[in-house]
Amino acid sequence: EAPSRLHQVVVLASPGAGHLIPLVELVRRLAVDHGLAVTVVTLTGMSNPATDAAVLASLPASVATAVLPAVSVDDDTHTIELVRRSLPHLRALMEGLRGGGSPAAALVRDFFGTAALPLAAELGVQSFVFLPNSFAMISIMRHIAELHGGDAAGEYRDLPDQLQLPGALALRHADLPDGFRDRADPTYAYHVEEARRYGGADGFLVNSFQELEIAMAESFKRDAEDGAFPPVFPVGPIVRPSSSGEEDDKSGCLEWLDRQPEGSVVYVSFGSGGALSVQQTAELAAGLEASGQRFLWVVRMPSLDGANNNFAEMDDKDDPLAWLPEGFLERTRGRGLAVAAWAPQVRVLAHRATAAFVSHCGWNSTLESVAAGVPMVAWPLYAEQRVNAVILTEVAGVALRPATHRDGGLVAREEIAAAVRELVEGEKGSAVRSRARELREAAARAWSPEGSSRQALAEVAGKWKAALVDGN
Ligand code: UDP
23 EAPSRLHQVV VLASPGAGHL IPLVELVRRL AVDHGLAVTV VTLTGMSNPA
73 TDAAVLASLP ASVATAVLPA VSVDDDTHTI ELVRRSLPHL RALMEGLRGG
123 GSPAAALVRD FFGTAALPLA AELGVQSFVF LPNSFAMISI MRHIAELHGG
173 DAAGEYRDLP DQLQLPGALA LRHADLPDGF RDRADPTYAY HVEEARRYGG
223 ADGFLVNSFQ ELEIAMAESF KRDAEDGAFP PVFPVGPIVR PSSSGEEDDK
273 SGCLEWLDRQ PEGSVVYVSF GSGGALSVQQ TAELAAGLEA SGQRFLWVVR
323 MPSLDGANNN FAEMDDKDDP LAWLPEGFLE RTRGRGLAVA AWAPQVRVLA
373 HRATAAFVSH CGWNSTLESV AAGVPMVAWP LYAEQRVNAV ILTEVAGVAL
423 RPATHRDGGL VAREEIAAAV RELVEGEKGS AVRSRARELR EAAARAWSPE
473 GSSRQALAEV AGKWKAALVD GN
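Per full-length UniProt numbering: the sequence shown = residues 23 to 494.
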């Protein structure tokens, strides 16, 4: 089916390549598989325009893009604020589309885009939220809105420490995402504000799949049937294809992997922003060394101020490898490879030599690992990564999590070595490895011709087309 300008969908993207990559994959499927004419709208001011443009360049030619004009922002401006200030520009764009005879059928908003919800209602278009994340995150958002919505002024710290969410998810307070635990946190009010608007959406698309969060998916299904919450459509795993252009191998690690035995290498990476302290970096090095396993470690600059993330662009003169313990690289030469800053992760995870992934549990990394059937050591650092770690360990059973790290302490070398060894060759690890293989099959099934995620997206696309026929 060729894209018809009548089936117009506007997708508003939150800033940041981490959001944009899965969104672009979603849009590709809407355009190519469902013949929808999509306009992807990005905001100006909180992301690197060159990076955004590079990600958007991979879209099919039938997809239109638009950049909203700059609004005033400073370093402290929250994404919600940016969206709010950009609304007049978004309105003009939507009205322009309508005036040109191609009305928008649906406004799909990304995380922190619900400020656009009233605009959708006003223009009479359906409003969907694409959450590049788990069902569990939606559940946590609902929970925070119930705790704090209206006159309620509860606090998480007043609740039992095993927060029991519907869908059989038990969370300790310490595992709540950053900005959700404490109302004194400057982003707390934004999360509540965002969450309170969730009930007004026509539906959600979530980058998860039925088998990954079964009980949670079913609980949302029941709520949609009862009208208690908008329907949530699982359309994942949507991950970057391994053939995409930015996955070239400057570090030479794929060639190195080619020379390693099948299923022998532990891949270690903390994503695009994760940072360990100098001391923790040294312990990790010693732990990998003591494990006796082969490893491929993407080393980033350590954090000197105690923060567990660092999004600063690396300087040319920064050499993260210089922070590794004395003699470590020499002693592990041959069985370990440390590369600075970046590796072509999707290809590394798909490589036959890769056995396990020590990961910060960013949601994209999580799905990439699940899709490749690679079991994980969960080492969450910031944002909602602790929730993802709970899903991986407690719900899906495809990861092990070092206990001291879970309790907020320094993970000692012995514990790292033990976790890695267990995962690659231990008995407890064996159950985790076979769950990872099962889940890989389930992930592939979700996008097979009759698969649950493929059907869910088809159902949503059908709703949007029907809305247009109804003269919406
Ligand atoms: N990534 C990569 N090479 C690296 C580190 C990260 O290709 O060395 C990719 C990874 O495959 C994933 C994304 O960057 O697609 C990171 O997203 P995620 O949600 O896992 O974590 P974030 O970086 O947003 O914390």
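Each residue gets a CB set at the ideal place from its N, CA and C atoms; glycine is no exception.
Worksheet item: Is the CB-CB distance between Pro-154 and Gly-40 below 9 angstroms?
Response: By the CB criterion at 9 angstroms, Pro-154 and Gly-40 fall inside the cutoff.
Practice prompt. Please state if the CB of Asp-197 and the CB of Thr-209 are separated by a distance shorter than 9 angstroms.
Written response: no
Practice prompt. Taking Phe-134 as the reference, give the member of Lys-450, Met-398, Ala-35 with the closest Cα.
Written response: Ala-35
Fill in: Three-state secondary structure assigned by DSSP to Tyr-289
Reduced to three states, the DSSP call for Tyr-289 is strand.
Discussion item. Out of Arg-322, Asn-331, Gly-38, Val-321, which one is the CA nearest neighbour of Leu-104?
Written reply: Gly-38
Worksheet item: Less than 9 angstroms separating the beta-carbons of Val-433 and Trp-401?
Response: yes
Fill in: Backbone CA spacing between Gly-384 and Val-320 [nearest angstrom]
15 angstroms
Worksheet item: From this set, Val-254, Gly-448, Gln-282, which residue's C-alpha is nearest Val-482's C-alpha?
Response: Val-254
Practice prompt. Output the boundary residues of the beta strand (DSSP E) element that contains Met-323.
Written response: It is not in any beta strand (DSSP E) - Met-323 carries neither H nor E in the DSSP assignment.
Discussion item. Pop quiz: Val-257 and Ser-391 are said to be a contact at Cβ under 8 angstroms. What is the actual Cβ separation, rounded to whole angstroms?
Written reply: Not quite, the Cβ-Cβ distance comes to about 19 angstroms (not below 8 angstroms), so this is no contact.
Worksheet item: Can you name the start and end residues of the alpha helix (DSSP H) that Met-68 belongs to?
Response: From DSSP, Met-68 is part of no alpha helix (DSSP H); its letter is neither H nor E.
Worksheet item: Given a threshold of 16 other Cβ atoms within 10 Å of its Cβ, counted over all protein chains shown, does Asn-70 qualify as buried or as exposed?
Response: exposed
Worksheet item: For Arg-50, is the beta carbon positioned less than 8 angstroms from some heavy atom of ligand 1?
Response: no
Discussion item. I'd like to confirm something about residue 7: is its beta-carbon nearer than 8 angstroms to some heavy atom of ligand 1, or not?
Written reply: Nothing about residue 7 can be read from this structure; the chain reaches only from 23 to 494.
Practice prompt. Report yes or no: do the segment 81 to 93 and the segment 39 to 57 share at least 3 C-beta pairs separated by less than 8 angstroms?
Written response: yes
Worksheet item: Roughly how many angstroms lie between the CA atoms of Phe-317 and Pro-44, to the nearest whole one?
Response: 28 angstroms
Worksheet item: DSSP three-state call for Asn-331: helix, strand or coil?
Response: strand
Discussion item. Using a Cβ-Cβ cutoff of less than 6 angstroms, which residues in the same chain neighbour Ala-489 once the five nearest sequence positions on both sides are dropped?
Written reply: Close CB contacts of Ala-489 within its chain, under the 6 angstroms cut and outside five residues either way in sequence, are with Ala-127, Gln-148 (chain order).
Worksheet entry | Range of the contiguous alpha helix (DSSP H) that encloses residue 560 | The first residue shown for the chain is 23 and the last is 494, placing residue 560 beyond what the model contains.
Worksheet item: Apart from the five residues on each side of it in sequence, which residues of its chain come closer than 6 angstroms, Cβ to Cβ, to His-56?
Response: Ala-483
Discussion item. So Gly-221 and Phe-251 are supposed to be a Cβ contact under 8 angstroms. How far apart are they, rounded?
Written reply: 7 angstroms
Discussion item. So for Phe-152, helix, strand or coil by DSSP?
Written reply: strand
Fill in: Assigned secondary structure, Gly-356 (DSSP; H/G/I helix, E/B strand, else coil)
coil
Worksheet item: If you draw a straight line from the alpha carbon of Arg-355 to that of Ala-192, how long is it in whole angstroms?
Response: In this structure, the straight-line span from the alpha carbon of Arg-355 to that of Ala-192 is close to 42 angstroms.
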